[in-house]
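Before any comments, here is the structure.
Listed below in structure tokens is the structure:
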């Protein structure tokens, strides 16, 4: 049995290669910061309901400046306040991504992969980015 396992693993390694430890995120579209607004969000909702068969679209916006970093729930979650070159802002939430705060600081420029959602916290309706991943700009 051990020999069979070894032979099958060698065969699989030859065919598909070594498994990657790098997470790949499929980006559906790049989105300029100026295009993140209610009208486009309402249009996006026409594609819903989102779920296992109809995934929520993942967007990427580049070169956003971190104005504020917070962790929530004892460091488990991440909350960012991001601004563009015209000082427009949006909040971004990273559920179970609090560890990312260790590599980020206020003033850093980042590229973000995210989905858009509606934040109704404290009866203040606003759009919010739900972070899939964050990358420091070069």
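Residue numbers (the numbering used here): 509 to 646. Here a beta-carbon is modelled for each residue, glycine too, at the ideal position from N, C-alpha and C. All figures in this text were calculated on a predicted structure; none of them were measured in a lab.
On a Cα-Cα basis, can you pick out the residue from 603, 560, 522 that is closest to residue 637? 603
Residue 616 (DSSP reduced to helix, strand or coil): coil
Considering only residues of the stretch 523-591, which uninterrupted alpha helix (DSSP H) runs meet the minimum length of 4 residues and lie entirely inside it, listed in chain order? 546-553
Host beta strand (DSSP E) of residue 509 (start-end): That residue, residue 509, is in no beta strand (DSSP E); it is neither H nor E in DSSP.
If I follow the unbroken beta strand (DSSP E) through residue 599, where does it start and stop? 597-602
What does the Cβ neighbour count give for residue 617, buried or exposed, with the cut at 16 atoms within 10 Å? exposed
Considering Cα atoms alone, identify which of 547, 585, 530 is closest to residue 610. 585
Span of the beta strand (DSSP E) holding residue 608? Careful: residue 608 lies outside any beta strand (DSSP E) and carries neither H nor E.
Collapsed DSSP secondary structure at residue 593 in the structure displayed: coil
From 627, 573, 594, residue whose alpha carbon lies closest to that of residue 643: 573
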